[in-house]
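Here is the structure we will look at, set down as structure tokens.
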Amino acid sequence: MSKPYDEKAFENEIAAALLDRGYVRVPSDQFDTERGLFPQQIISFVKETQPEAWNKLETAHKGNTRQRFLQELTSALERQGTLELLRHGLRTTGTKIDLATFRPNTGINPELQRKYDANVLGVTQQLHHSATNPDQSIDLALSVNGIPVATAELKNTFTDQTVRNAREQYREDRDPSEPILRFKRGALVHFAIDQNEIYYTTELEGEDTNFLPFNKGHEKGGGNPPRQGDHRTAYLWKEVWEKDSWMDILQRFIHIDQRRSKKTASPSRKKRH
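Take any residue in the sequence shown, note its place counting from 1, add 1075, and you have its number in our numbering.
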């Protein structure tokens, strides 16, 4: 790699790969830091896929629909969490609002396929996520219909930064009380990434944050095998984060582990590529 290949170039490369795979670029300035959401993305999805339900809300709220909907969605996220609402929708004023549409288990339903195709997977670079520290930003954020589901801190080994530095950044520089970083209520998973290795956590706890490897293994050891002409970690954004794979993971392979703790979640290794 040439010397100009820095962390920003690495970030741009990942974002470009996601855009090539059907993601949409969502600017950071569309993010509501207090609610931890991209409001316009959410509302556009609901209006497009569920116009009758939105009309019911319009009738009930009499011109204040947007504000009331976002208030109720934010309250539901606090009570139920991101995963629950993505999978089962929001119930408000006697109406069920789907916040995402997943593929049916069997059969071909044209209406469900249309709604599934309407899902907007967003990628945001340098997300300014904090209401109290507006200069702070996270390298990448992934969202589904405006609801953040993952964040990532990137480090470039060509500038002597590694995945270890990314983990330290989460532990030392990120406030777990921010809505997008709050366990269960915010993004479901946080990745630390360089060109060679990936680690993840589902709960940020400052210095006590525990990261686990999200690597494929190589020669009966850790890390990842080489990829011809590509980064060892490219399977994450080219395979795991590919739309169908990522939506399947969100639907089936992330679980809240009630046996260990009400505060523990983990993405299943079964879907790891």
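C-beta atoms are modelled at their ideal positions from N, C-alpha and C, and glycine is treated no differently.
Let's test the definition: count the other Cβ atoms within 10 Å of the Cβ of residue i and tell me whether it reaches 16, buried, or not, exposed.
i     : result
S1150 : exposed
D1192 : exposed
E1186 : exposed
T1308 : buried
N1220 : buried
R1257 : buried
L1202 : buried
T1167 : buried
K1190 : buried
T1226 : buried
H1306 : buried
N1290 : buried
H1204 : buried
Q1024 : Limits of the chain in this structure are 1076 at one end and 1348 at the other, which puts residue 1024 out of reach.
Q1188 : exposed
I1117 : buried
If you drop the 5 nearest sequence neighbours on each side, which residues of the same chain put their C-beta closer than 6 Å to that of residue i?
i     : result
A1128 : T1170, I1172
K1352 : The displayed coordinates of the chain run from 1076 to 1348. Any statement about residue 1352 would go beyond what the structure contains.
G1197 : V1099, V1101, S1218
D1269 : K1230, T1232, T1237, V1238
F1085 : L1229, N1231
D1089 : The residue asked about is misnamed: residue 1089 is Ile in this sequence, not Asp. Around I1089: W1312.
S1343 : In this prediction, S1343 scores a pLDDT of 47, lower than 50, which makes its location untrustworthy; the coordinate-derived value is nonetheless stated afterwards. Contacts found: F1328.
P1223 : A1216, I1255, A1262
E1133 : T1140
E1147 : T1167
A1091 : none
Considering Cα atoms alone, identify which of the options is closest to residue i.
i     : options                    : result
D1250 : T1226, T1232, L1279, E1243 : L1279
F1144 : L1311, S1119, T1284, E1317 : S1119
P1301 : W1316, E1272, K1318        : E1272
R1154 : P1254, I1117, A1216, N1299 : P1254
A1175 : N1194, E1159, T1168        : N1194
Q1200 : V1121, F1106, E1243, R1141 : F1106
N1208 : R1141, T1167, T1108        : T1108
Y1274 : N1299, F1177, H1330        : N1299
Q1244 : Q1146, F1266, A1216, A1225 : F1266
G1292 : Y1310, D1305, G1304, E1147 : Y1310
R1054 : G1296, F1113, N1180, I1324 : The first residue shown for the chain is 1076 and the last is 1348, placing residue 1054 beyond what the model contains.
A1206 : M1322, N1130, F1289, D1104 : D1104
Q1211 : G1296, I1117, D1248        : D1248
D1323 : N1130, K1137, K1131, L1158 : L1158
Counting only the same chain and skipping the five closest in sequence on each side, list residues whose C-beta sits under 8 Å from that of residue i.
i     : result
E1082 : D1214, L1229, K1230, N1231, T1234, Q1236
E1123 : A1193
D1095 : none
D1319 : R1178
Q1115 : Q1105, G1221
Per DSSP, which one or two residues make a beta bridge with residue i?
i     : result
E1228 : A1267
A1216 : T1199, T1226
K1171 : R1166
P1209 : Beta-bridge pairing links P1209 to no other residue.
T1276 : H1265
R1302 : D1305
G1296 : H1293
V1377 : Residue 1377 lies beyond the stretch modelled for the chain, which goes from 1076 to 1348, so this question has no answer here.
D1107 : L1112
L1287 : Y1275
Excluding the 5 residues preceding and the 5 following residue i in the sequence, name in chain order all residues of the same chain whose CB lies nearer than 7 Å to its CB.
i     : result
G1281 : R1246, P1251
N1285 : T1276
L1093 : V1198, W1312, W1316
R1242 : A1267, Y1274, F1286
L1160 : A1151, L1152, L1174
R1162 : Q1326
V1264 : A1225, Y1275, T1277, P1342
R1334 : With a pLDDT of only 44 at R1334, under the threshold of 50, the placement of this residue in the model should not be trusted; the figure read from the coordinates follows. Closer than 7 Å at Cβ, skipping near neighbours: no residue.
N1180 : none
So residue i and residue j are supposed to be a Cβ contact under 8 Å. How far apart are they, rounded?
i     : j     : result
G1261 : G1164 : About 19 Å; that fails the 8 Å criterion.
G1296 : P1288 : Between P1288 and G1296 the Cβ distance is about 11 Å, and since that is not below 8 Å, they are no contact.
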